[in-house]
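*Asks:* The structure follows.
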Amino acid sequence: MDVNALGLILLVPLGDLVERRRLAVSLYAATAVFLLVSATAANGMVLLVSTALTALTSVGAQVVVPFAVTLAAPAERGRVIGTVMTGLLVGALLARTASGLLSGLGGWRTVYWVNAVLMTLMAVLLRVFLPRLGGDGGRLSYPGLLRSTVAMFRYEPLLRSRAGIAALSMASFNVLWTALTFLLVRSPYGWSASAIGLFGLVGAAGALTASVAGRLADRGHVQIVTGAGTVLLVASWLAIANGGRSLGWLLVGVVVLDLAHKAVLNSNQNVIYALRPEARNRINSAFTTSYFLGGAVGSALTSVVRVHGGWTGVCVLGAVFAAGTVAVWAVERVNVNRAAGMPPKSPVQPGHDPAPAASTK
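Each residue of the sequence shown is one higher than the one before, counting from 1 in full-length UniProt numbering.
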């Protein structure tokens, strides 16, 4: 399993159990320490282990996101999620470009040194500016906390559907970015590695839409954003398919896919963070783990499909994943509308741990 996914499963739920500022600061500080170990690594084994530990603790941002949501007023939740996620997505987008420039200027160790300094600075800023915020997990043990995280899928149908939409959307997104390099290095493009790296900046437009989607969610349009986003995700693959020999169509498809993907992600987060305020970190853990595992599946399948089906096969795979997001969202709407006309059947109330026997000592 991906080490980062282990961090999402094992560390992010702790935000519902321990003081959240301390957890966020500790994760950022630990990441800085492991980056320093990588920067001074004397051999490949030390570098491998320190890199794995860095991936494990680098989930601090996924503690900060529900932290920000908890501090925000309900009427501003979408805007706050959009603002935080814009920063997160822009950072991820610029990471490759920045690391390439740093390694070119001072070698590969420079990337680790600079990242360690930045993570240390972030840990200090979080310690100074974030308020103390205790976890709401009550008497949960750590094993119970993990069992309760898994139990969220059983008792929260909206979490199941939104995690499914997120996983399929991320799979579709990763299909493109996994195969894109192979397309651009060959005829008719023949681009260099540096030019391909700069092509990733096209995704900046998509990152900026997270804020717009958040504001629309605050106005009560979260379902419209989701529906439009999933449909656009499918439509983007029509343009991408024509991008095999046309840069114009490729650019249009990449921009639309990125816009749609970020809009769907933001609307998903607005829905899941409203479910159980006392369990936001567990819900976020379950959601983001599904999200990144979906991306891993998309990347793995792309490697196989590209060999046997070429660019056309890649586009069909991406479109199938995208169509899956439309189908899951449509089923969710049917189930929600049906449930709205029926009396509640579950004795579980909001704020009540769905599996107390499994999550307490």
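Glycine included, C-beta positions come from ideal geometry on N, C-alpha and C.
Suppose you measure from the CA of G227 to the CA of V46; what does that come to, to the nearest Å?
*Replies:* Numbered from its first residue, the sequence shown carries residue 227 at position 227. Numbered from its first residue, the sequence shown carries residue 46 at position 46. Cα to Cα, the separation comes out at about 47 Å.
*Asks:* Can you find the residues in the same chain that come closer than 6 Å, C-beta to C-beta, to L11, ignoring five residues on each side of it along the sequence?
*Replies:* Along the sequence shown, read from residue 1 onward, the residue named residue 11 stands at position 11. The answer, listed in chain order, is V59.
*Asks:* What ranges does the alpha helix (DSSP H) occupy inside the stretch 159-242, keeping only unbroken runs of at least 4 residues that lie completely in it?
*Replies:* Those alpha helix (DSSP H) runs which fall completely within the stretch 159-242 and span 4+ residues are 193-199, 204-218, 222-242.
*Asks:* Following the continuous alpha helix (DSSP H) through N268, name the residue where it begins and the one where it ends.
*Replies:* Against the sequence shown, residue 268 aligns to sequence position 268. Residues 247-272.
*Asks:* If you measure between the beta carbons of T263 and A213, is that distance less than 8 Å?
*Replies:* Counting from 1 along the sequence shown, the entry for residue 263 is found at position 263. Counting from 1 along the sequence shown, the entry for residue 213 is found at position 213. The amino acid occupying residue 263 in the given sequence is Ala; Thr does not appear at that position. A contact, by the Cβ cut-off of 8 Å.
*Asks:* Roughly how many angstroms separate the alpha carbons of T360 and G294, rounded to a whole number?
*Replies:* Taking the sequence shown and counting its residues from 1, the one referred to as residue 360 is at position 360. Taking the sequence shown and counting its residues from 1, the one referred to as residue 294 is at position 294. With a pLDDT of only 32 at T360, under the threshold of 50, the placement of this residue in the model should not be trusted; the figure read from the coordinates follows. Approximately 31 Å, taken between the alpha carbons.
*Asks:* Excluding sequence positions up to five away, which residues of its chain have a Cβ less than 6 Å from the Cβ of L8?
*Replies:* To locate residue 8, count along the sequence shown from 1; it is residue 8. Same-chain partners within the cutoff: V59, S285, T288, T289.
*Asks:* Below 8 Å on the Cβ atoms is my guess for A300 versus S172; work out the distance and round it to an integer in Å.
*Replies:* Residue mapping note: residue 300 aligns to position 300 of the sequence shown, counting from 1. Residue mapping note: residue 172 aligns to position 172 of the sequence shown, counting from 1. Going by Cβ atoms, the distance from A300 to S172 rounds to 14 Å, so no, they are not a contact pair.
*Asks:* In this structure, does DSSP put L17 in helix, strand or coil?
*Replies:* Residue mapping note: residue 17 aligns to position 17 of the sequence shown, counting from 1. The answer is coil: DSSP assigns L17 none of H, G, I, E or B.
*Asks:* Short of 6 Å in beta carbon distance, which residues of its chain neighbour T178, apart from the five on each side in sequence? Order them along the chain.
*Replies:* If you number the sequence shown from 1, residue 178 lands on position 178. Contacts found: S299, T302.
*Asks:* Is it the case that the Cβ atoms of Q269 and I81 are separated by a distance below 8 Å?
*Replies:* The sequence position of residue 269 within the sequence shown is 269, counting from 1. The sequence position of residue 81 within the sequence shown is 81, counting from 1. For Q269 and I81, yes; Cβs fall inside 8 Å.
*Asks:* Alpha carbon to alpha carbon, how far is L126 from L259?
*Replies:* Counting from 1 along the sequence shown, the entry for residue 126 is found at position 126. Counting from 1 along the sequence shown, the entry for residue 259 is found at position 259. Roughly 30 Å separates the two Cα atoms.
*Asks:* Would you grab the beta carbon distance between V63 and A24 for me? Rounded to a whole angstrom, and I think it's under 8 Å.
*Replies:* Numbered from its first residue, the sequence shown carries residue 63 at position 63. Numbered from its first residue, the sequence shown carries residue 24 at position 24. Confirmed, Cβ separation roughly 5 Å.
*Asks:* Can you tell me whether S148 is buried or exposed? The criterion is at least 16 other CB atoms within 10 Å of its CB, across all chains shown.
*Replies:* Counting from 1 along the sequence shown, the entry for residue 148 is found at position 148. Looking at its Cβ environment, which holds 16 or more other Cβ atoms inside 10 Å, S148 is buried.
*Asks:* Let me know if H352 comes out buried or exposed under the rule of 16 or more other beta-carbons within 10 Å of its beta-carbon.
*Replies:* For the purposes of this step, residue 352 is taken as the residue at position 352 of the sequence shown. Since pLDDT at H352 reaches only 41, below the 50 mark, its modelled position is unreliable, and the value read off the structure follows with that caveat. With fewer than 16 Cβ atoms within 10 Å of its Cβ, H352 is classed as exposed.
*Asks:* Helix or strand or just coil, what does DSSP make of R154?
*Replies:* Mapped onto the sequence shown, residue 154 falls at position 154. Residue state, collapsed to three classes: helix.
*Asks:* Taking only three categories from DSSP, how would you classify T120?
*Replies:* Taking the first residue of the sequence shown as position 1, residue 120 is located at position 120. Looking at T120 - three-state DSSP - the assignment turns out to be helix.
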